[in-house]
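Structure, as structure tokens:
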Amino acid sequence: MSRRVAVLFSVAVLAVIILVIGGIKAKQIEFMMDSGAAFAPPPETVSVSEVQQQTWPNTLTAVGSLEAWQGLTVTAEVEGRIAKIHFDSGQQVKAGDLLIEQEAGNEQAQLRASSARLELAKNNLKRLHSLRDKQSVSQSALDEAAQLLDSTQAEVDGLKITLAKKRIVAPFDGRLGIRKVYLGQDLPIGSEVVTLQSIEQLRVNFRIPQQWVNKVKAGYPVLVGTQQGDRVSGEIIATAAEINSQSRNLHVQAQIDNSLHTLLPGMSVGLEITLPDEQHVLVIPNTAVLYAPYGDTVFVIEKGQKGQVDTVRQQFVKLGFARGDFVAVEDGLELGQQVVSAGAFKLFNGMAVVQTDNPEPPRSLNPQPTDS
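Pasting the structure below:
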């Protein structure tokens with residue numbers, strides 16, 4: 007009996023020990039959980055910018071293509087074999103510069119013969135006139151002599167025109183393209199010799215939606231930019247008289263200077279058209295925006311109570327045009343609010359933040375790359 011009591015007593019003691027240890031561990035776990043709940047991560051360091059109001063030029067954007075002020079393909083007007091080539095591919099030429107000479111030996115011989123007959127016809131008509139004064143020649147003889155003179159003169163003129171056409175010249179100042187002919191080549195009428203483009207001035211052809219028709223007029227300034235980074239100013243010179251019935255777009259043409267020859271016809275360019283009325287916009291640095299398919303957001307600074315740190319609130323925004331380092335905000339922010347302009351990618355809603363003391367680089371509406 008005593009043995010059974012001893013066993014029960016041992017079990018009871020062991021149970022008490024287990025309960026005591028379990029209680030201690032439970033208290034420790036509870037303490038650790040309370041400590042974890044009370045622990046706050048340190049605030050994240052960020053750069054902050056204020057929502058500003060700026061006055062921007064009212065602009066429209068479009069995409070266009072460049073066209074030479076004058077451009078054509080020089081062709082052979084008469085058939086003949088090339089005797090001399092007086093130009094190189096890509097050469098700058100002046101109006102009247104000789105490009106090609108075709109063989110003209112036969113025409114020159116014919117011209118000499120025709121010129122001799124012309125001189126004879128002139129002398130013959132002159133002699134008949136003197137005889138006519140003496141009533142020694144009939145009127146019909148005079149008429150025949152005059153007709154012969156006219157036909158011979160026409161023959162001479164035709165040969166001179168043919169000879170002139172065998173000297174192919176540049177019709178205007180410009181830049182030649184790639185040569186398409188070779189020395190000794192037989193040129194049929196209409197054969198292409200070389201392209202010629204006048205590129206000191208260029209036209210820019212582009213199209214705008216019909217809702218912009220009354221906003222764009224001749225004389226408005228434009229800024230043209232290429233994919234290579236070139237930027238050239240110009241102005242609108244003409245608009246079409248009708249809207250395209252298929253695209254509902256209006257054809258517009260601008261003119262730009264290209265005296266440095268940095269641009270070529272056929273290039274695709276972007277245009278910014280400056281309208282006369284300016285617009286007042288709320289702007290933030292474009293680095294403040296977190297772009298996403300479901301909507302663009304920024305982190306707005308929420309000021310903490312006295313003695314407490316600031317926190318951030320993620321806010322959806324509707325953006326407008328971007329200019330340089332800034333982007334316009336059409337909805338979602340108010341003037342004077344502060345937003346995180348650098349470091350937003352590491353934040354979450356309600357997170358504590360502190361503003362960095364390091365100054366941010368200056369921002370500009372027209373930033374320019376610096377030489378490295």
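Okay, so the sequence shown: first residue is 7 according to this note's numbering, each after it adds one. We treat Cβ as the ideally placed atom computed from N, Cα and C, and that holds for glycine.
Closest residue to Val175 among Tyr300, Glu107, Val359 (Cα-Cα distance): The sequence position of residue 175 within the sequence shown is 169, counting from 1. Comparing Cα-Cα distances from Val175 to each of Tyr300, Glu107, Val359, the minimum goes to Glu107.
For Ala74 and His257, I'd like the C-alpha separation in whole angstroms. Position 68 of the sequence shown, counting from 1, holds the residue named residue 74. Position 251 of the sequence shown, counting from 1, holds the residue named residue 257. Whole-angstrom Cα-Cα distance: 17 Å.
Three-way DSSP call (helix, strand, coil) for Glu85 in this model: The residue you call residue 85 lines up with position 79 of the sequence shown. In the displayed model, Glu85 falls within coil according to three-state DSSP, outside both helix and strand.
Could you check which residue in Tyr226, Leu341, Phe93, Ala82 has the C-alpha nearest to that of Gly196? Looking up residue 196 in the sequence shown gives position 190. With distances taken between Cα atoms, Gly196 lies closest to Ala82.
Roughly how many angstroms lie between the CA atoms of Asn372 and Gln233, to the nearest whole one? The residue you call residue 372 lines up with position 366 of the sequence shown. The residue you call residue 233 lines up with position 227 of the sequence shown. Those two C-alpha atoms are separated by around 17 Å.
Is the CB-CB distance between Val99 and Phe93 below 8 Å? In the sequence shown, residue 99 corresponds to position 93, counting from 1. In the sequence shown, residue 93 corresponds to position 87, counting from 1. Yes; because the gap between Cβ atoms is below 8 Å, this pair is in contact.
Exposed or buried, what is Ala119 when buried is set at 16 or more other beta-carbons lying within 10 Å of its beta-carbon? On the sequence shown, position 113 is the one that residue 119 refers to. If you draw a 10 Å sphere on the C-beta of Ala119, you find fewer than 16 other C-beta atoms in it, and that means exposed.
For chain D, check one thing: does any of its Cβ atoms lie closer than 8 Å to the Cβ of Ile214? The displayed structure is made up of one protein chain only, and chain D is not part of it.
From Ser55 to Gly338, what distance separates their C-alpha atoms? In the sequence shown, the residue the question calls residue 55 occupies position 49. In the sequence shown, the residue the question calls residue 338 occupies position 332. Computed Cα separation, rounded: 16 Å.
Work out the CA separation of Leu25 and Ala18 for me, nearest whole Å. Looking up residue 18 in the sequence shown gives position 12. Looking up residue 25 in the sequence shown gives position 19. Cα to Cα, Ala18 sits roughly 11 Å from Leu25.
Would Leu154 pass as a contact of Gln116 if the rule is Cβ separation under 8 Å? Here residue 154 refers to the residue found at position 148 when the sequence shown is read from its first residue. Here residue 116 refers to the residue found at position 110 when the sequence shown is read from its first residue. In this structure, Gln116 does not lie closer than 8 Å to Leu154 by Cβ.
Report the residue from Ala260, Arg173, Ser146 whose alpha carbon sits nearest the alpha carbon of Glu113. Here the question's residue 113 lines up with position 107 in the sequence shown. The shortest Cα separation from Glu113 among Ala260, Arg173, Ser146 belongs to Arg173.
Give the C-beta separation of Asn264 and Leu208 to the nearest angstrom, bearing in mind that I take them to be a contact with Cβ-Cβ under 8 Å. Mapped onto the sequence shown, residue 264 falls at position 258. Mapped onto the sequence shown, residue 208 falls at position 202. About 5 Å; that satisfies the 8 Å criterion.
Ranges of the beta strand (DSSP E) found wholly within the region 216–291, counting only runs of at least 3: Restricting attention to beta strand (DSSP E) runs no shorter than 3 residues, the region 216–291 encloses them at 227–232, 237–249, 255–263, 274–291, ordered along the chain.
Per DSSP, the bridge partner or partners of Asn129: The sequence position of residue 129 within the sequence shown is 123, counting from 1. Note: Asn129 sits in no beta bridge, so no partner.
Would a C-beta distance cut-off of 8 Å place Gln76 and Gly180 closer than the cut-off? In the sequence shown, the residue the question calls residue 76 occupies position 70. In the sequence shown, the residue the question calls residue 180 occupies position 174. Against a cut-off of 8 Å, the Cβ pair of Gly180 and Gln76 comes out as a contact.
Secondary structure at Gly29, three-state DSSP: helix, strand or coil? Sequence index remark: in the sequence shown, residue 29 carries index 23 (1-based). DSSP places Gly29 in helix when its eight states are reduced to three.
Pop quiz: Thr268 and Asp236 are said to be a contact at Cβ under 8 Å. What is the actual Cβ separation, rounded to whole angstroms? Numbered from its first residue, the sequence shown carries residue 268 at position 262. Numbered from its first residue, the sequence shown carries residue 236 at position 230. Right, their Cβ atoms sit about 5 Å apart.
Helix, strand or coil: how does DSSP classify Ser136 here? Taking the sequence shown and counting its residues from 1, the one referred to as residue 136 is at position 130. Helix at Ser136.
Beta-carbon separation of Val304 and Gln321 under 8 Å? What you label residue 304 is simply residue 298 of the sequence shown in a count that begins at 1. What you label residue 321 is simply residue 315 of the sequence shown in a count that begins at 1. Yes, the Cβ-Cβ distance between Val304 and Gln321 is below 8 Å.
Which residue from Leu126, Leu325, Pro177, Pro367 puts its Cα closest to that of Asp156? As a working note, residue 156 is residue 150 in the sequence shown. Here the closest residue by C-alpha is Leu126.
How far does the beta strand (DSSP E) with Ile106 in it extend, from its first residue to its last? For this step, residue 106 is matched to residue 100 along the sequence shown. 104–108 is the span of the beta strand (DSSP E), which, as asked, contains Ile106.
Looking only at its own chain, which residues have a Cβ that is under 6 Å from the Cβ of Phe332, when we skip the five neighbours before and after it? For the purposes of this step, residue 332 is taken as residue 326 along the sequence shown, with counting starting at 1. Counting only Cβ-Cβ distances below 6 Å, and skipping sequence neighbours, we find Val289.
Can the beta-carbon of Val210 be found closer than 8 Å to that of Gln259? Residue 210 sits at position 204 when you count from the first residue of the sequence shown. Residue 259 sits at position 253 when you count from the first residue of the sequence shown. With contacts defined as CB atoms closer than 8 Å, Val210 and Gln259 qualify as a contacting pair.
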